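Have a look at the structure below, then the notes.
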Amino acid sequence: MRISGRGACAPRYFGSRTQTFSDTKSTAMKTCVIALFTLITVSALNAQSLAAPDTLIAEYFETDPTPLMALIPSGDDQIWVNYDADGVSSLCLEGPAPAPSGWLWDADLGSLDPQQSDNNAFTSCSYLTDPDVRNSNWLITKPVSIPDTSYHLYWRSLSFYGPGFLDGYKVLVSKTSNDPAMNVFTDTLFVAAEMIQNSVPPGSLNVEDYVFSPGYIHANGFTDADYFFVDNSQGPPFLHGKFEPHEVSLAAYAGQTIYIAFLHDSQDDFILQIDDILVSKSEMSPATTLENVLYFNVLPNPVRDNVYFSWKTLTAENGQLVVQDQAGKIVARQSFSSRQEGLIFFETSQWAQGVYICTLETTTGRATTKLIKF
Ligand SMILES: [Ca+2]
Ligand SMILES: [Ca+2]
Ligand SMILES: [Ca+2]
Numbered sequence: 397m398r399i400s401g402r403g404a405c406a407p408r409y410f411g412s413r414t415q416t417f418s419d420t421k422s423t424a425m426k427t428c429v430i431a432l433f434t435l436i437t438v439s440a441l442n443a444q445s446l447a448a449p450d451t452l453i454a455e456y457f458e459t460d461p462t463p464l465m466a467l468i469p470s471g472d473d474q475i476w477v478n479y480d481a482d483g484v485s486s487l488c489l490e491g492p493a494p495a496p497s498g499w500l501w502d503a504d505l506g507s508l509d510p511q512q513s514d515n516n517a518f519t520s521c522s523y524l525t526d527p528d529v530r531n532s533n534w535l536i537t538k539p540v541s542i543p544d545t546s547y548h549l550y551w552r553s554l555s556f557y558g559p560g561f562l563d564g565y566k567v568l569v570s571k572t573s574n575d576p577a578m579n580v581f582t583d584t585l586f587v588a589a590e591m592i593q594n595s596v597p598p599g600s601l602n603v604e605d606y607v608f609s610p611g612y613i614h615a616n617g618f619t620d621a622d623y624f625f626v627d628n629s630q631g632p633p634f635l636h637g638k639f640e641p642h643e644v645s646l647a648a649y650a651g652q653t654i655y656i657a658f659l660h661d662s663q664d665d666f667i668l669q670i671d672d673i674l675v676s677k678s679e680m681s682p683a684t685t686l687e688n689v690l691y692f693n694v695l696p697n698p699v700r701d702n703v704y705f706s707w708k709t710l711t712a713e714n715g716q717l718v719v720q721d722q723a724g725k726i727v728a729r730q731s732f733s734s735r736q737e738g739l740i741f742f743e744t745s746q747w748a749q750g751v752y753i754c755t756l757e758t759t760t761g762r763a764t765t766k767l768i769k770f
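Here the sequence shown is numbered in the numbering used here, starting from 397 and rising by one per residue.
Here it is in structure tokens:
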């Protein structure tokens, strides 16, 4: 359950990185950190059966996981690791507490006022005291054994700033040790681009005015308005990132035990957040699937706090995803345009327990599936 009364906590301050000519750090944005709790690593929804569990890792960062994480990887830790390999102090945090230079727990910063957010996420800063140092913050899962080819990794991420000072990161896999110093994270599942050259003059909102490292640019190159907004609250406008879902198949690791790392390796940018890390079975849905829809998945299912929907159609389609309770009342809806593959995330913690009907509607096809909320 969520803790309320965030306003009662001691405030922390994020210094904001403004995109002005002088690149001065201006207005402080207040956010607040609640006290700490335990790592939520839900596993084994059906551990008592002989079948492999559908969900192997589910980390929503709703309580502070850092007390239960190792700070230095030993090579074969059975717990998560929060490893600050660069060790350089960061400038994103101001205030009474020393600024952690590794990953830290904070409110969802993907809104104008994070104090209004009821979500929390794992947070990392690449705006370091030495701009010549590349940040190297590793978030590494506990070892996870992948039973078969139907398992996928899901997560969400945001870069606070865009397109200027866009934060990038990598999702990597090791099949042996969890110690990055052993050069074992050799498989790359996903690369998010970072800004490597500012616009001239700085502060442009046009993605084409920047140079980025190779990789995916947040919000599909800032074309998908679901995952950013124009923020005028801190002086010059910038494109403020909101959490965007991502998915990759883990089929290549069927039958193997792996460590998955989220490496925040941006240089001289600002804040990256990661949330809702899920390793779960994602089979072709036995849903009612018609015409153009190739698959329509919901997971985890049953669901408690958060759910991902993923689908694929034969051709790019406009459409919407609608979730209704058994009385027909719509509890969630999101539309999309010109997509052949989609991934949508909903927070479900406020939904009543029960069965929900989820419908993917496109101009040429429609699919439905059931979701159980517990
Ligand atoms: Ca969260
Ligand atoms: Ca660091
Ligand atoms: Ca950079």
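Ideal Cβ placement from N, Cα and C applies to all residues, glycine included.
Note that the structure is predicted; figures quoted are calculated from it, not measured.
By the 16-neighbour rule on beta-carbons within 10 angstroms, Glu737 is exposed. A straight-line Cα-Cα distance of about 29 angstroms links His636 and Met465. One residue after another in chain order, those with a Cβ under 6 angstroms from a heavy atom of ligand 3 are Glu590, Met591, Ile592, Ser662, Gln663, Asp664 and Asp665. Every residue whose beta carbon comes nearer than 5 angstroms to a heavy atom of ligand 2 appears here in chain order: Asp480, Asp482, Ser497, Asn531 and Asn533.
Val603 sits in a helix when the DSSP states are folded into three classes. Taken atom to atom, the span from the alpha-carbon of Thr764 to that of Arg735 is near 18 angstroms. Remark: the shortest separation between the CB of Tyr752 and any heavy atom of ligand 1 does not fall under 7 angstroms. Listed as beta-bridge partners of Tyr612 by DSSP are Ala588. Every residue with a CB closer than 7 angstroms to a heavy atom of ligand 1 is listed here in chain order: Tyr456, Phe457, Glu458, Asp504, Asn515, Asn516, Ala517, Asp671 and Asp672. In the structure shown, Tyr523 adopts coil according to DSSP, grouped into three states. In the pairwise beta carbon analysis, the region 572-585 is classified as not touching the region 689-705: fewer than three pairs are separated by under 8 angstroms. C-alpha of Gly611 to C-alpha of Leu585: approximately 11 angstroms in a straight line. Counting along the chain, Ala503 sits inside the beta strand (DSSP E) bounded by residues Leu500 to Ala503.
Considering only Ile613, Gln593 and Lys725, the residue with the shortest C-alpha distance to Asp605 is Gln593.
Phe561 sits in coil when the DSSP states are folded into three classes, being neither helix nor strand. The beta carbon of Phe666 lies closer than 8 angstroms to those of Arg413, Cys488, Cys521, Ser522, Tyr523, Ser555, Phe556, Tyr557, Phe561 and Asp563 in the same chain, with the five residues before and after it left out. Nearest Cα to Asn616 within the set Ala589, Leu467 and Pro463: Ala589. It is roughly 7 angstroms from the alpha-carbon of Pro632 to the alpha-carbon of Gly599. Distance between Ser513 and Glu458, taken at the CA atoms: about 12 angstroms.
Residue burial is scored here from C-beta neighbours: Gly651 has fewer than 16 other C-beta atoms within 10 angstroms and is therefore classed as exposed. Of the candidates Trp551, Val484, Val540 and Ile542, the residue whose Cα lies closest to the Cα of Ala517 is Trp551.
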